[in-house]
Amino acid sequence: MEKAAYAVHYLQGAAAAWWESYKILIPTDELITWTVFKEGFRSTHIPDGLMELKRKEFLNLKQGDMPFMDFLNRLNYLVRYAPEEITTETRKVKLCRDRLNPETEYALSAHEIHSIKSLVDKALRVESSGKKVMKERK
1 MEKAAYAVHY
11 LQGAAAAWWE
21 SYKILIPTDE
31 LITWTVFKEG
41 FRSTHIPDGL
51 MELKRKEFLN
61 LKQGDMPFMD
71 FLNRLNYLVR
81 YAPEEITTET
91 RKVKLCRDRL
101 NPETEYALSA
111 HEIHSIKSLV
121 DKALRVESSG
131 KKVMKERK
């Protein structure tokens with residue numbers, strides 16, 4: 001209930017009105033978990049079409065020419081629309097690696113990486129080294 005209670009505190013306007021009517025439907029002895037709150041909120045305020053659009057955006061996201069941290073932040077933002085795609089740390093590492101730009105992926109190909117922390121560290125080092133090389137070539 002803590003996370004749900006925290007979120008409820010910030011609801012305003014139509015969302016606050018929705019909450020007041022929604023909580024009446026839940027038996028008083030039933031705990032309102034974050035999952036219950038989130039599912040209720042999404043089903044009322046976020047159309048299925050938008051959820052699917054964002055899910056597809058997540059599934060198609062590639063680093064391209066984005067700086068690594070911008071890519072990672074976008075990936076972390078969009079994963080909320082497809083949480084079933086990242087159920088373990090291993091899956092998150094694989095999914096992230098598979099979407100890196102070719103230069104970064106090549107530079108990391110000799111490394112075994114088992115955690116997001118390690119992937120972030122190595123990708124940032126590769127990116128920094130690449131910038132130094134480009135600067136010296138100019």
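The numbering of the sequence shown is the UniProt record's numbering, which starts it at 1 and goes up by one.
Beta carbons are placed, not taken as given, at the ideal position from N, Cα and C, and that holds for glycine.
Everything numeric in this text was worked out from a predicted model, so none of it was measured.
Quick check: the Cα distance between Ile32 and Lys135, rounded to an integer number of angstroms? On the sequence shown, residue 32 is found 32 positions in, with the first residue counted as 1. On the sequence shown, residue 135 is found 135 positions in, with the first residue counted as 1. Roughly 55 Å separates the two Cα atoms.
Are the stretch 98 to 109 and the stretch 42 to 57 in contact at 8 Å, needing three or more beta carbon pairs? no
Roughly how many angstroms separate the alpha carbons of Arg99 and Gln63, rounded to a whole number? Indexing the sequence shown from 1 puts residue 99 at position 99. Indexing the sequence shown from 1 puts residue 63 at position 63. Spanning the two alpha carbons is a distance of roughly 6 Å.
Can you name, in chain order, every residue of its own chain whose Cβ lies under 8 Å from the Cβ of Glu85, other than the five neighbours on each side? Locating residue 85 in the sequence shown gives position 85, where the first residue counts as 1. Cβ neighbours of Glu85 beyond the five flanking positions: Phe58, Leu59, Val79, Arg91, Leu95.
Would you kindly check if the distance between the Cβ of Ile113 and the Cβ of Val126 is under 9 Å? The sequence position of residue 126 within the sequence shown is 126, counting from 1. The sequence position of residue 113 within the sequence shown is 113, counting from 1. Result no, Cβ atoms of Val126 and Ile113 do not sit closer than 9 Å.
Could you pull out every residue in the same chain whose Cβ sits closer than 6 Å to the Cβ of Trp18, ignoring the five residues on either side in sequence? Walking along the sequence shown from the start, residue 18 turns up at place 18. For Trp18, where only same-chain residues beyond five positions count, the Cβ hits under 6 Å are Thr44.
Beta-carbon gap between Arg55 and Met66 smaller than 9 Å: For the purposes of this step, residue 55 is taken as residue 55 along the sequence shown, with counting starting at 1. For the purposes of this step, residue 66 is taken as residue 66 along the sequence shown, with counting starting at 1. Not closer than 9 Å, so no.
Hey, quick one: how far does the alpha helix (DSSP H) through Val79 stretch, first residue to last? By one-based count along the sequence shown, residue 79 stands at place 79. Segment: none, Val79 is in no alpha helix (DSSP H) and carries neither H nor E.
Where does Pro102 sit, in a helix, a strand or coil, going by DSSP? On the sequence shown, position 102 is the one that residue 102 refers to. In this structure, Pro102 counts as helix in the three-state DSSP scheme.
Given a threshold of 16 other Cβ atoms within 10 Å of its Cβ, counted over all protein chains shown, does Leu50 qualify as buried or as exposed? By one-based count along the sequence shown, residue 50 stands at place 50. By the 10 Å Cβ count, Leu50 comes out exposed.
Indicate the three-state DSSP secondary structure (helix, strand or coil) for Tyr10 in the structure shown. The residue labelled residue 10 in the question sits at position 10 within the sequence shown. Coil, per DSSP.
Tell whether a beta-carbon distance below 9 Å holds between Ser128 and Ala107. As a working mapping, residue 128 is identified with position 128 in the sequence shown. As a working mapping, residue 107 is identified with position 107 in the sequence shown. No; because the gap between Cβ atoms is not below 9 Å, this pair is not in contact.
Report the rounded CA-to-CA distance for Ser115 versus Met69, giving the unit in angstroms. By one-based count along the sequence shown, residue 115 stands at place 115. By one-based count along the sequence shown, residue 69 stands at place 69. So the two alpha carbons sit approximately 16 Å from each other.
Below 7 Å CB to CB, which residues in the same chain sit around Ala4 once its five sequence neighbours on both sides are set aside? Here residue 4 corresponds to residue number 4 of the sequence shown, with the count starting at 1. The residues are Ile32, Thr33, Trp34, Phe37.
Report buried or exposed for Tyr81, applying the criterion of at least 16 other Cβ atoms within 10 angstroms of its Cβ. Within the sequence shown, the letter at position 81 stands for residue 81. Burial call: buried.
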